[in-house]
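These notes concern the structure reproduced below.
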Amino acid sequence: MQRVTALLTATAVVMTGATLGTDAQSRRDRFRMHGETDTEQTPSVDARGAQLPAPRTTEAPTGFDNETNGFLRQGPPFETIDADNVVPLRSFNDNRFIFEEVEVVADGLGPIYNAQSCGECHQNVATGGASQIAEHRTGRLMGDEFFESLGGSLVHSRAIHPDIVEPVVYENSIRTFRISTNTLGAGYVEAIANTTLLRIREEQPAALRGAVALAPVLEAEGQPRIGRFGWKNQHSSLLSFAADAYLNEMGITSPLFPTENTSSGRDVSAFDSVRDPEDDGVDIEAFADFMRATKAPSRGPIDAEVLAGETIFQNIGCAACHVSTLVTSPPGTRINGGEFTVPEALGNKTIHPYSDFLLHDIGTGDGIPVQPTPEFAWTAAQIRTAPLWALRTRNRLMHDGLTFTEREAIERHAGQAAPVTARFRALSAADQELLLRFLSSL
Ligand code: HEC
Ligand code: HEC
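So that you can map any letter, position 349 of the sequence shown is 363 in our numbering, and since no number is skipped, the others follow by simple counting.
Quick look at the structure:
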């Protein structure tokens, strides 16, 4: 198997665990990387060196319609499914039910959490979409070194007992919101080969070249894969993200994250009556498979003005980061450290996410690195190019959700995007309007 180490220096994550509490230590251990990154490249020549035909690609199905993309069968009518007859992993509708299911204390909710279901934060316009719900992250700098708030940079804003809600600490002066992102079409993003992301990066002009952060595939014993999910590309596999979210958003442990969080460093096991892992692994698989089975977001009406706006978007350089078109790896490709094989429904699909899924410093970085270790310090200023698909379903923009119009979102682009923003400003009012018309069609 080819390795990408020629292109990437292997990120040997050296842990400085001696001074950490067990809570922080166990969290860091979960994110320890082992092994090397696969290219996930499929051969273009056969065993005798003869050129193989280029794969036939088709457009990924799109829509905000709660219908399967073909990865799972649709299943029994959604309205007929309830907590007693749901069969996890059986179908799209069963897994959608589990994604929307409201968890309570008896299921293991909390002790500290942010919301009761995946669907509470991922729902607009269909289950799996984005929402206006923002999480809060805090930490502080001591000298040059970042320290996350006790119990992790993610502040949990709810708890099952009034005494254990996490406070925000005055000294933790690095604070940011991160708004809920879209997961519709995420299965296609997962099926993009590492090589594809590296090729996009190589082709970018040096001044705005994106950066790659490796993320451990937890179900593959921490094998590194190029991160592509979350505002910071903190995960590369949907199963890993689902397990992370189940623990960190809802307080439910699973085989991939078996240890409960503390409340700002305080042990809260006295409040927790359910044995860990609270999910035996079936729920996180149902979440991952649900997201894999969602269609990509569809476009709004496309007219001549929208097309003219897209040409301007390309000409002034927005598309260097907001890449319009990507193709997933062929069916049969083994990804996620060998733990997932790209199926027919997700392979050789053309998608239009308007993102390179790489990290950039456009001056909006929230100061919180992917991991609070020296190796990741460089990520504090970086944010993933926000995929612009489903943009018309959102009215709170950028990672913090604190920008409300597309024009202001563009105005906020500095750093690596500064020359492109300058070109936007130099456009005639009419051309700016066309570009905004295009954005509103996404
Ligand atoms: C309290 C709200 C909340 C809940 C509940 C929640 N999420 Fe999220 N989700 C978010 C936010 C906020 C982000 C972006 C976080 C970041 O990047 O730091 C996100 C990002 C994601 C992503 C990354 C998508 C992308 O490409 O950006 C996935 C996948 C995801 N969530 C899955 C889930 C699953 C599965 C569940 C249920 C177990 C869940 N989430 C529960 C708020 C939530
Ligand atoms: C150097 C790479 C780069 C270039 C060039 C670039 N962007 Fe972005 N864009 C980003 C990143 C990174 C973000 C996320 C920033 C954040 O959330 O803090 C973003 C966010 C956005 C958003 C907000 C999307 C959302 O869901 O919140 C819009 C809209 C947008 N860009 C449009 C544009 C347009 C239009 C142009 C050209 C004028 C452009 N971008 C050029 C990297 C880039």
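Built from N, CA and C at the ideal position, the CB exists for glycine as well.
Distance between residue j and residue i (C-alpha atoms, nearest Å)
i           : j           : result
residue 29  : residue 391 : Residue placement at residue 29 is flagged as unreliable, the pLDDT there being 32, under the threshold of 50; a coordinate-derived value is accordingly withheld.
residue 97  : residue 49  : 40 Å
residue 299 : residue 67  : 35 Å
residue 354 : residue 227 : 20 Å
residue 440 : residue 447 : 13 Å
residue 143 : residue 129 : 16 Å
residue 260 : residue 246 : 18 Å
residue 437 : residue 250 : 33 Å
residue 83  : residue 141 : 14 Å
residue 155 : residue 384 : 15 Å
residue 356 : residue 342 : 9 Å
residue 389 : residue 255 : 21 Å
residue 123 : residue 434 : 45 Å
residue 264 : residue 328 : 40 Å
residue 194 : residue 135 : 6 Å
residue 22  : residue 163 : Confidence is the limiting factor: at residue 22 the pLDDT is only 46, short of 50, which leaves the residue's position unreliable and the question unanswerable from this model.
residue 80  : residue 138 : 11 Å
residue 442 : residue 203 : 35 Å
residue 241 : residue 170 : 24 Å
residue 232 : residue 445 : 46 Å
residue 336 : residue 276 : 38 Å
residue 414 : residue 248 : 16 Å
residue 309 : residue 158 : 43 Å
residue 374 : residue 423 : 15 Å
Residue i CB to nearest heavy atom of ligand 2 below 7 Å
i           : result
residue 418 : no
residue 458 : No statement about residue 458 is possible, as the shown extent of the chain runs from 15 to 456 and does not include it.
residue 431 : yes
residue 397 : yes
residue 408 : yes
residue 85  : no
residue 325 : no
residue 378 : yes
residue 321 : no
residue 212 : no
residue 285 : no
residue 374 : yes
residue 147 : no
residue 198 : no
Candidates the options: closest to residue i by CA position
i           : options               : result
residue 454 : 205, 117 and 324      : 324
residue 208 : 119, 237, 366 and 113 : 237
residue 428 : 437, 376 and 211      : 376
residue 217 : 333, 174, 44 and 413  : 333
residue 425 : 80, 371, 401 and 450  : 450
residue 344 : 242, 54, 41 and 40    : 54
residue 192 : 442, 103, 445 and 417 : 417
residue 126 : 444, 81, 174 and 289  : 174
residue 350 : 47, 402 and 138       : 47
residue 86  : 374, 201 and 337      : 201
residue 118 : 93, 288 and 196       : 288
residue 133 : 93, 214, 180 and 198  : 198
residue 168 : 257, 347 and 262      : 262
Any non-hydrogen atom of ligand 1 closer than 7 Å to residue i Cβ
i           : result
residue 134 : yes
residue 412 : no
residue 523 : Past the edges of the chain, shown from 15 to 456, lies residue 523, and the structure says nothing about it.
residue 244 : yes
residue 252 : yes
residue 44  : no
residue 271 : no
DSSP beta-bridge partners of residue i
i           : result
residue 249 : 243
residue 156 : 159
residue 138 : 144
residue 229 : 239
residue 59  : 65
residue 203 : Residue 203 pairs with nothing; no bridge assigned.
residue 127 : 172
residue 341 : 364
residue 191 : 150
residue 374 : 397
residue 348 : 355
Residue i beta carbon near ligand 4 (any heavy atom closer than 7 Å)
i           : result
residue 390 : Because ligand 4 does not appear in the structure shown, any question about it cannot be addressed here, the ligands present being ligand 1 and ligand 2.
Residue-level contact to chain D via CB, residue i, 8 Å cutoff
i           : result
residue 369 : You won't find chain D in this structure, because it holds only one protein chain.
Quiz item: Are there three or more Cβ pairs, one per stretch, closer than 8 Å when the stretch 374 to 393 is compared with the stretch 145 to 153?
Solution: yes
Practice problem: Take every Cβ of the stretch 296 to 311, pair it with every Cβ of the stretch 109 to 119, and state whether three or more of those distances are shorter than 8 Å. | Solution: yes
Quiz item: Taking three-plus beta-carbon pairs below 8 Å as touching, is the stretch 129 to 147 in contact with the stretch 277 to 293?
Solution: No contact exists between the stretch 129 to 147 and the stretch 277 to 293.
Quiz item: Hey, is the stretch 362 to 374 in contact with the stretch 257 to 271, meaning 3+ C-beta pairs nearer than 8 Å?
Solution: Flag = no, the stretch 362 to 374 and the stretch 257 to 271 do not touch.
Quiz item: Any chance the stretch 73 to 80 sits against the stretch 51 to 64, with 3 or more Cβ pairs inside 8 Å?
Solution: no
Quiz prompt | Validate contact between the stretch 282 to 296 and the stretch 306 to 323 using beta carbons, cut 8 Å, 3 pairs | solution = Result no; under three Cβ-Cβ pairs closer than 8 Å.
Quiz item: Are three or more beta carbon pairs between the stretch 402 to 410 and the stretch 176 to 185 nearer than 8 Å?
Solution: no
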